[in-house]
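Here's the structure, in structure tokens; my notes come after.
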Amino acid sequence: AILGPEEKCTGDPARRMGNEYLAQMLMTENVQTLNKYHFKKIVVTCPHCLQSLGKEYAQFGGTYTVVHHTTFLKELVEQGALRVSKASANRITFHDPCYLGRYNDEYDAPRSLLDMVAQEQVDMKRSRDKSFCCGAGGGRMWMEEREGKRVNLERTEEALSTNPNVIGTGCPFCMTMMTDGVKERDNTGAVKVK
């Protein structure tokens, strides 16, 4: 099931940018909505939502089992409920989202799924618990860099140095930042961000 029009932002961006009033308002409203329903787990596509719903909502009366979609999909494959096959020839590098990896210690589920579909998977020099941010965290997605090199360009260059066809990530914020970086750094349009 989905919440549809009842669904609101988890409040993570507001909290990270320092608007605690708005964050708590959203969290409280979301807990009231979620607590009206009976469910076993919440599946999220966003690691920021994983962090908020899974670790911060308890402060507001919302104690839930929350899983990232890569973890959920891996479980379905392992149970035989979902079958996957190799994609056409592709070389994938995976960017570890901060809130999936360092905050929630999930590195293997996305890579396990990629191993099932990719012809070749290669890690960047900075990966797993040593991964480098995409530049969107802490509300920076909506801010302009004023000094030095943009963080997303630094990370995109690291990804491109692995010579991938695809840069994969498990976060919508990371996907936006990496897509913008690829548009600026990849003149051939050969690399896709997924």
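Using the working numbering, read the sequence shown as starting at 5 and increasing by one per residue. All residues carry an ideal CB built from backbone N, CA and C; glycine is no exception. If you're wondering where the values come from, they're calculated on a predicted model, not measured in any experiment.
Hey, residue i and residue j are a contact pair by Cβ (cut 8 Å); roughly how many whole angstroms apart?
{"i": "Thr69", "j": "Lys45", "result": "4 Å"}
{"i": "Ile171", "j": "Met182", "result": "5 Å"}
{"i": "Asp127", "j": "Thr97", "result": "7 Å"}
{"i": "Cys102", "j": "Gly152", "result": "Wrong, their Cβ atoms sit about 19 Å apart, outside the cutoff."}
{"i": "Leu104", "j": "His72", "result": "6 Å"}
Sorted by chain position, which residues of the same chain lie with C-beta nearer than 7 Å to residue i's C-beta, five sequence neighbours on each side aside?
{"i": "Asp100", "result": "Tyr111, Ser131, Arg132, Ser135"}
{"i": "Asn167", "result": "Arg95"}
Considering only the alpha carbon of each residue, which of the options lies closest to residue i?
{"i": "Leu80", "options": "Val35, Ala27, Val47", "result": "Val47"}
{"i": "Gly139", "options": "Leu86, Gly185, Leu104", "result": "Gly185"}
{"i": "Thr14", "options": "Cys50, Lys40, Phe43", "result": "Cys50"}
{"i": "Gln125", "options": "Lys90, Cys137, Asp109, Leu157", "result": "Lys90"}
{"i": "Gln63", "options": "His73, Glu151, Gln28", "result": "Gln28"}
{"i": "Arg189", "options": "Met120, Trp146, Phe177, Leu164", "result": "Leu164"}
Look at the alpha carbon of residue i and the alpha carbon of residue j, and state the distance between them as a whole number of angstroms.
{"i": "Glu33", "j": "Asn94", "result": "43 Å"}
{"i": "Leu38", "j": "Thr192", "result": "46 Å"}
{"i": "Leu77", "j": "Leu86", "result": "8 Å"}
{"i": "Arg154", "j": "Glu161", "result": "11 Å"}
{"i": "Gly65", "j": "Lys40", "result": "12 Å"}
{"i": "Lys129", "j": "Gln36", "result": "43 Å"}
Within the continuous alpha helix (DSSP H) that includes residue i, where are the two ends?
{"i": "Gly185", "result": "176-189"}
Grab the span of the beta strand (DSSP E) containing residue i for me, first residue to last.
{"i": "Arg132", "result": "From DSSP, Arg132 is part of no beta strand (DSSP E); its letter is neither H nor E."}
{"i": "Val47", "result": "46-48"}
Does the beta-carbon of residue i, which I'm using as the reference point, lie nearer than 7 Å to any heavy atom of the ligand PLP?
{"i": "Gln83", "result": "For the ligand PLP, the structure offers nothing, since it holds no ligand at all."}
Among residues of its own chain, excluding the 5 on either side of residue i, which ones have a beta-carbon nearer than 8 Å to its beta-carbon?
{"i": "Arg144", "result": "Val155"}
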